[in-house]
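Last residue of the sequence shown: 229 in my numbering, with the numbers rising by one and none dropped.
C-beta atoms are modelled at their ideal positions from N, C-alpha and C, and glycine is treated no differently.
Notes follow once the structure below has been shown.
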Amino acid sequence: MRFLFKLSMPVMLWVFVVVHALFLFLTIRKYLKTKNMLFLLTALVTVGLFYDALIISFGEFMQESSLLKGLSQFRFISHGALIPLLFPICIYAIDRKNTMLLAKKIVWGVTALISVMGIAEGFATVLESRTVELIVRYASSDLTPAWASKVSSLLSYGTVVPLIAVGVYVWVKQKTPYLFLSGFLMFAFSALGPATGNFDLIFFISMFGEAFMILFLYLYALKTEKK
Numbered sequence: 003m004r005f006l007f008k009l010s011m012p013v014m015l016w017v018f019v020v021v022h023a024l025f026l027f028l029t030i031r032k033y034l035k036t037k038n039m040l041f042l043l044t045a046l047v048t049v050g051l052f053y054d055a056l057i058i059s060f061g062e063f064m065q066e067s068s069l070l071k072g073l074s075q076f077r078f079i080s081h082g083a084l085i086p087l088l089f090p091i092c093i094y095a096i097d098r099k100n101t102m103l104l105a106k107k108i109v110w111g112v113t114a115l116i117s118v119m120g121i122a123e124g125f126a127t128v129l130e131s132r133t134v135e136l137i138v139r140y141a142s143s144d145l146t147p148a149w150a151s152k153v154s155s156l157l158s159y160g161t162v163v164p165l166i167a168v169g170v171y172v173w174v175k176q177k178t179p180y181l182f183l184s185g186f187l188m189f190a191f192s193a194l195g196p197a198t199g200n201f202d203l204i205f206f207i208s209m210f211g212e213a214f215m216i217l218f219l220y221l222y223a224l225k226t227e228k229k
């Protein structure tokens with residue numbers, strides 16, 4: 003499996019860029035037509051994932067450079083700012099009739115706080131270059147403050163677990179598994195790298211989960227429009 007992942011990496015990175023660009027176009031177009039917040043929130047999350055895939059793809063050509071390092075620093079900042087939007091996606095999925103106004107205000111407040119923490123984590127992250135199959139990328143180094151690493155872990159797993167939990171609730175109440183599949187597949191692919199000992203490929207393997215997450219978020223938002 004490791005051989006296949008490494009062999010496909012240079013091409014698949016650009017496939018992920020195209021896939022995220024496609025879903026970004028689709029979600030924005032649907033939001034403009036429907037004003038459904040689920041489409042807008044999914045689009046914003048996709049922006050972060052698109053930028054992430056794009057900058058990592060550039061690592062094949064830019065190699066180690068101050069420009070790539072700067073763009074990579076912003077990759078961490080945008081990730082910290084936008085991934086917490088999975089929280090309001092959860093509350094909008096639960097509150098289809100827009101009656102839980104206080105709950106939404108609380109969730110937006112928590113989201114704003116975590117986004118600020120994520121942005122601070124992005125600035126505080128100390129980067130070092132790593133090379134896998136001629137792909138140079140800048141990742142967090144051991145010099146990154148402990149608090150920033152904890153915030154990064156919160157963003158990676160703490161945002162997906164609620165998505166899975168709400169996905170189970172939505173599956174039972176609304177008879178659709180899309181939200182659950184979105185969170186579950188993201189979590190599964192994030193855990194696949196460490197579980198198989200491919201720590202240097204975590205960034206790449208998790209991209210499959212990100213693509214599935216956006217796909218099923220989009221399908222769930224479409225489902226809400228049909229009811």
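Residue i versus residue j: straight-line alpha-carbon distance, rounded
i	j	result
Ile137	Asp54	14 Å
Asn200	Leu43	31 Å
Leu51	Leu156	17 Å
Ser131	Leu9	21 Å
Leu203	Leu88	24 Å
Gly173	Leu104	Correcting the residue identity first, residue 173 is Trp in this sequence and not Gly. Rounded to whole angstroms, Trp173 to Leu104 spans 24 Å at the Cα level.
Leu69	Leu84	22 Å
Leu145	Ser158	20 Å
Thr198	Ala190	12 Å
Gln176	Ala141	40 Å
Leu217	Ser67	33 Å
Lys99	Phe41	16 Å
Ala95	Lys35	19 Å
Phe186	Thr101	27 Å
Trp110	Leu56	28 Å
Asn38	Thr178	18 Å
Asp97	Lys225	15 Å
Counted within 10 angstroms of its Cβ, other Cβ atoms place residue i as buried (16 or more) or exposed
i	result
Arg31	exposed
Ala223	buried
Glu227	exposed
Ala213	buried
Phe5	exposed
Phe60	buried
Val163	exposed
Thr133	exposed
Leu115	exposed
Ala167	exposed
Ala148	exposed
Thr113	buried
Pro196	exposed
Gly211	buried
Proximity below 8 Å, CB of residue i to CB of residue j
i	j	result
Tyr180	Leu221	yes
Met119	Val153	yes
Ser117	Gly82	yes
Tyr33	Ala23	no
Met11	Glu135	yes
Ser184	Gly169	yes
Phe205	Ile58	yes
Ile93	Lys106	yes
Ser143	Val128	yes
Val49	Leu26	yes
Ile207	Phe7	yes
Residue i - partner residues in DSSP beta bridges
i	result
Arg139	Arg132
Proximity test, residue i beta-carbon vs the ligand FAD heavy atom, cut-off 7 Å
i	result
Glu135	The ligand FAD is not among the ligands present in this structure, which contains no ligands whatsoever.
Using 8 Å as the threshold, is the stretch 12-22 in touch with the stretch 66-83, meaning 3 or more CB pairs across them? no
On the three-pair Cβ rule with 8 Å, is the stretch 78-96 touching the stretch 119-128? yes
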